[in-house]
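Taken in order, these protein sequences are the chains called V and X. This note's numbering puts the first residue of the first sequence at 58, with every later residue one more than the last. This note's numbering puts the first residue of the second sequence at 10, with every later residue one more than the last.
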Amino acid sequence: MSEPVISIDDLSVSFPTDDGWVHAVRNVSFDVEPGEVLAVVGESGSGKSVTALATMGLHPSSASITGQIRFHGRDLLSVSEREMRGVRGNGIAMVFQDPMTALNPVFKVGAQIAEMLQIHSDISKAAAWSKAADLLESVGVPEPGKRVNQYPHEFSGGMRQRAMIAMAIANGPDLLIADEPTTALDVTIQAQVLEVMKAAQEATGAAIMLITHDLGVVAGIADRVVVMYGGRVFEEGTAREVFYSSENPYTRGLMSSIPRLDSPKGERLVPIPGTPPSVLSPPPGCAFSPRCVYADDECTESHAELRSVGSGSSHRSRCHKLGQLTEALAGGAS
Amino acid sequence: MQEFRMPRQEPATVSVGEPGTGGHLAAEGMSIKPKSFGRQTWDRFRRHRLAMIAFVILVLLIGSFWVVPFFSPFNSTDTNIPDMNQGITSKHPFGTDPLGRDLMIRTMEGAQVSIRIAAIVAVVSTAIGTLLGALAGYFGKWVDAIINQLINLILVVPAIVVLLVMGIKWGGSPNQTALLVAFISWIVIGRIVRGLFFQLKETEFVQAARAAGAGSGRIIFRHILPNAMGPILVQITLVSGSAIILESTLSFLGLGVVPPDTSLGKLISDSKGFIDTTPSRVLIPGAILTILVLCLNFLGDGLRDALDPATRKGRE
Chain V
58 MSEPVISIDD LSVSFPTDDG WVHAVRNVSF DVEPGEVLAV VGESGSGKSV TALATMGLHP
118 SSASITGQIR FHGRDLLSVS EREMRGVRGN GIAMVFQDPM TALNPVFKVG AQIAEMLQIH
178 SDISKAAAWS KAADLLESVG VPEPGKRVNQ YPHEFSGGMR QRAMIAMAIA NGPDLLIADE
238 PTTALDVTIQ AQVLEVMKAA QEATGAAIML ITHDLGVVAG IADRVVVMYG GRVFEEGTAR
298 EVFYSSENPY TRGLMSSIPR LDSPKGERLV PIPGTPPSVL SPPPGCAFSP RCVYADDECT
358 ESHAELRSVG SGSSHRSRCH KLGQLTEALA GGAS
Chain X
10 MQEFRMPRQE PATVSVGEPG TGGHLAAEGM SIKPKSFGRQ TWDRFRRHRL AMIAFVILVL
70 LIGSFWVVPF FSPFNSTDTN IPDMNQGITS KHPFGTDPLG RDLMIRTMEG AQVSIRIAAI
130 VAVVSTAIGT LLGALAGYFG KWVDAIINQL INLILVVPAI VVLLVMGIKW GGSPNQTALL
190 VAFISWIVIG RIVRGLFFQL KETEFVQAAR AAGAGSGRII FRHILPNAMG PILVQITLVS
250 GSAIILESTL SFLGLGVVPP DTSLGKLISD SKGFIDTTPS RVLIPGAILT ILVLCLNFLG
310 DGLRDALDPA TRKGRE
């Protein structure tokens, strides 16, 4: 296997607040391999966005951060701000959640894409603008020659997100971090934008780290999935492994709370009871234990380690009941 | 065994390279050529009647300060003792002073000086206020602490006291007076800019610029400042108005412009002994001063409404 593009190793991020330290990310480790789409899934407060921001070096300066984030072997947490600026937008680019607010309202879209190029190379203004038009065309914006001269408010939501993707791929990054790229869009536009991202990835060969809470988005595009909960990785594996043979009660809970087109008429969705753990005073044991139907004393008292499911597979799950879940389910069903 | 299957979202039949429906609709909806930001603002400003009237009056009034002396047979330094201390006459529409100098031309020249001072104050205080406000708002922490304390220091000491003390030492020429006034006035712009930067640096487009690898300088001047220009422009008009008043106050008290230069405040000061005999000598420069400042304030109001993003959205 080739060397991962980005390798997050034992990353912990904490923020000081008036009520104490918030441990947003706890000992998170995962790799993103070249050219793959890795989905990081979790609900609000799971630490997925903080992980993404830390990777870009854009976490608040008040944060206390430990561990390593290696980009092509270089630890991004120890490089200077100046070096980091050379990585942002160049080696690692980001697509933001809300294209309505992530584009600067006072500049033409072409200028914003051209700027992206000009920051990282000595390209002339004219060349940058013509490349901007090419980039817009490559993400499926019609009449790119005209569109570069328009302002963001003249773009629709889907077109703006395409423009954001054009900006992100402008410098041919090795990693594209997309933080909830479809959340602010209409459902019909979501699928298009995902297609554009997928196509852009195939054209540039970039790996994608897709931060989302939407499993529907994950299913359509991801090669591998990392499920986060309470700041920890709860399950990690290929999309197939996580979707079809999840070995984690939280992941299973997420799956059964999603409406399916092929579910029998009248069948009710099964929500996960309770609320996400408090970030200030998380439960002492497994963060999911207060909401977990399988939890016993072991779960409320101690953390489970992230363990491999089966031997030699990349599928890993953090659960004390690993291996007993399927039997528990089967027993419950009979 | 339960099977976990996802409702796979079938992408719409749109492939990359084809126009998406969203963009298509947006393009069709705009059959009229979309207006630029400046054009929209100008349209909205024109609809603000009071501001538009103020704008026209300002242009005519300020223009007359430079045009009228051109056609006047008199020179501001020509003395003519027999004609001294006259009220309004056909020969001297604004009257004459104790040396028989034509007051119309002296008023025009005084007003020119006042306008020049206002312009210098506007430029200098905008430059200082924007720079320090931007640094304070963007970097926060100790940078903000220092600049904010400086602003508060100037704010808590009554401006007139500071100006009087500094005026004794540094007053005199119109340029010196302008710099004195700018020393006080920049804090108005500085506070506004600081607040705007605090707010704008948290926006997603600034975050996006940072994610693009932009440095602080680029983010401050290229990404945030253009978004703050509207409110800054409004403050510039208001600062110009207050600069005219501050200059007049200083000159009236004898600490601003000194002879042979004159200004609106100096003219009023010179004629304060004649309020009973020839009130026009006080009233005319006073009226010009009032109209100038009022018009600048109305102009600011109009600009505020025209540039305010909230009203902009509401009408679109």
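Ideal Cβ positions, reconstructed from N, Cα and C, are used throughout, including at glycine.
Once you ignore the five residues that flank C376 (chain V) on each side, which residues in its own chain have a CB closer than 6 angstroms to its CB? N305, A361
If we define contact as Cβ-Cβ less than 8 angstroms, is A131 (chain X) a contact residue for chain V? no
Please decide whether H57 (chain X) counts as near chain V, where near means a Cβ-Cβ distance under 8 angstroms. no
Residues near I163 (chain X) in its chain [Cβ-Cβ closer than 6 angstroms; skip 5 each side]: I196
Any non-hydrogen atom of the ligand NAD within 7 angstroms of L233 (chain V) CB: As for the ligand NAD, it is missing from this structure, which has no ligand bound.
Counterpart residues of V85 (chain V) in DSSP-defined beta bridges: V:L68
Coarse secondary structure for D236 (chain V), derived from DSSP in three states: strand
Are the beta-carbon atoms belonging to A150 (chain V) and L193 (chain V) less than 8 angstroms from one another? no
Could you give the DSSP three-state label for L160 (chain V): helix, strand or coil? coil
Between R115 (chain X) and D87 (chain X), is the Cβ-Cβ spacing less than 8 angstroms? no
Residue-level contact to chain X via CB, S314 (chain V), 8 angstroms cutoff: no
Sheet register partners of D132 (chain V) (DSSP bridge): V:R127
Based on the DSSP secondary-structure assignment, which residues constitute the bridge partners of H80 (chain V)? V:S71
By the 8 angstroms beta-carbon criterion, what residues does the region 161-194 of chain V contribute toward chain A? Chain labels in this structure do not include chain A; the protein chains are V and X.
Taking the beta strand (DSSP E) that T269 (chain V) belongs to, which residues open and close that run? 264-269
A223 (chain V) vs S195 (chain V) beta-carbon contact at 8 angstroms: yes
Whose Cβ in chain V lies nearer than 7 angstroms to the Cβ of H232 (chain X)? N161
Is T88 (chain X) helix, strand or coil by DSSP? coil
Spatially closest choice to Q216 (chain X) from V:D319, V:R131, V:Q154, by CA coordinates: V:Q154
Under a three-way DSSP split, which group does E194 (chain V) fall into? helix
Would you report the Cα separation of V98 (chain V) and T332 (chain V), rounded to the nearest angstrom? 17 angstroms
Does V366 (chain V) come out as helix, strand or coil in the three-state DSSP assignment? coil
Would E213 (chain X) pass as an interface residue toward chain V - the criterion being a Cβ-Cβ separation below 8 angstroms? yes
Along the region 334-358 of chain V, where does the CB come closer than 9 angstroms to a CB of chain X? Name the residues. none
Between which residues of its own chain and V248 (chain X) is the CB-CB distance below 7 angstroms, once the five residues before and five after are set aside? V130, A131, S134, S194, V197, I198
Can you check whether the CB of I122 (chain V) is closer than 8 angstroms to the CB of G88 (chain V)? Looking at the sequence provided, one finds Asp at residue 88 (chain V) rather than Gly. Contact: no.
Is the CB of R219 (chain X) under 8 angstroms away from at least one CB in chain V? yes
Would you check if the region 170-186 of chain X and the region 227-240 of chain X touch, i.e. whether three or more CB-CB distances between them fall below 8 angstroms? no
Status (buried if at least 16 other CB within 10 Å, exposed otherwise) for W186 (chain V): buried
Terminal residues of the beta strand (DSSP E) in which Y286 (chain V) lies: 281-286
With three or more beta-carbon pairs closer than 8 angstroms as the criterion, would you say the region 119-136 of chain V touches the region 167-175 of chain V? no
Cross-strand partners of D111 (chain X) (DSSP beta bridge): X:T105
Can you check the region 297-359 of chain V for any alpha helix (DSSP H) of at least 4 residues that lies completely inside it and give the ranges in chain order? 306-313, 354-358
Judging by CA-CA distance, which residue of X:N184, X:L308, X:S182 is the nearest neighbour of P240 (chain X)? X:L308
Do G72 (chain X) and H177 (chain V) have their beta-carbon atoms positioned less than 8 angstroms apart in this structure? no
Looking at the strands, I want to know which residues DSSP matches up with G224 (chain X). Looking at the DSSP assignment, G224 (chain X) forms no beta bridge with any residue, so it has no partner.
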